[in-house]
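Just so we're aligned: the sequence shown equals residues 1 to 207 in full-length UniProt numbering. Even for Gly, the Cβ is constructed at its ideal location relative to N, Cα and C. Just so you know, these numbers come straight off a predicted model, no measurement behind them. Have a look at the structure below, then the notes.
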Amino acid sequence: MDRHIPSSALAAEPQPQSSHLQVPPPQETSPGSLSLTRLPSQASRCPLIPCYSKINPSCLHSQTLFLVQKNVLVLLCVFLEAQHCEWVNFDSSAYCVSSTMKNWQESRDDCIQKGADLVIINSQEEQHFLLQFERFVWIGLTDSTAEGEWKWVDGTPMNERCIHIFKPNGGTNENCGEVKRIFSTNSWNDEECSMKHSWICEKRVSP
Numbered sequence: 001m002d003r004h005i006p007s008s009a010l011a012a013e014p015q016p017q018s019s020h021l022q023v024p025p026p027q028e029t030s031p032g033s034l035s036l037t038r039l040p041s042q043a044s045r046c047p048l049i050p051c052y053s054k055i056n057p058s059c060l061h062s063q064t065l066f067l068v069q070k071n072v073l074v075l076l077c078v079f080l081e082a083q084h085c086e087w088v089n090f091d092s093s094a095y096c097v098s099s100t101m102k103n104w105q106e107s108r109d110d111c112i113q114k115g116a117d118l119v120i121i122n123s124q125e126e127q128h129f130l131l132q133f134e135r136f137v138w139i140g141l142t143d144s145t146a147e148g149e150w151k152w153v154d155g156t157p158m159n160e161r162c163i164h165i166f167k168p169n170g171g172t173n174e175n176c177g178e179v180k181r182i183f184s185t186n187s188w189n190d191e192e193c194s195m196k197h198s199w200i201c202e203k204r205v206s207p
């Protein structure tokens, strides 16, 4: 059935696009159809990506589209800072730094979910590259399996060349590695794994 479109609607000037979601007024729908009727308050803080105007789920990033029956389409934008991460390439790896804080294991779990792992620092060049992030962060170093035997998350032992920048002093209470004093000589530190810090994920991007 053809619907009459008011001439006023055709003449309306387009509104400038906003960087946040705009919620149209509720619309009546026929049985079995869906409409956008309300938006949870969390969504008002979420940035809108360009292709979102088409409501294309494949375009969504840090946003989840929930289709709810009963004639309602609820667009719930859940901005998860822990998952929002800009990858930066260096050498043969890509890195991202979280903008929230978690304990060491939670941080590693987040990296694994991204197809990565906590960063393994293999060289002075890599260490220097990571200094740009200027945060206290978890790295993929732990002696939780055997006290005093510090290993990276891939199972390899810590390189002896790292000893001059890593001075573990927490004994059995501090079993996870962090980059703490970024601009000092001893920039690595052992910390209680239950402490909450930001973290750096790393994934290989080339052989």
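Legend entry - M195 versus N89, E106, S98 and V205, residue with shortest Cα-Cα distance: E106
Legend entry - Sequence-distant residues of its chain with Cβ nearer than 6 Å to D143 (five each side left out): E149, W150 and N175
Legend entry - Under the three-state DSSP convention, the category C85 falls into: coil
Legend entry - Under the three-state DSSP convention, the category N189 falls into: strand
Legend entry - Proximity winner among V205, W188 and C201, relative to K114 (alpha-carbon distances): C201
Inset, instruction - May I ask which residues mark the beginning and end of the beta strand (DSSP E) holding W199? - result: S198 to R204
Legend entry - Straight-line gap, R135 to L141 (C-alpha atoms, nearest Å): 17 Å
Inset, instruction - Return the Cβ separation of R108 and V153 in integer angstroms, given the expectation that the two are a contact with Cβ distance under 8 Å. - result: 7 Å
Inset, instruction - Compute the Euclidean distance between the alpha carbons of V119 and T172, then round it to the nearest angstrom. - result: 23 Å
Inset, instruction - Using the DSSP secondary-structure output, state which residues sit across from T142 in a beta bridge. - result: K151 and C176
Inset, instruction - May I ask you to list the residues that DSSP assigns as paired with C96? - result: C201
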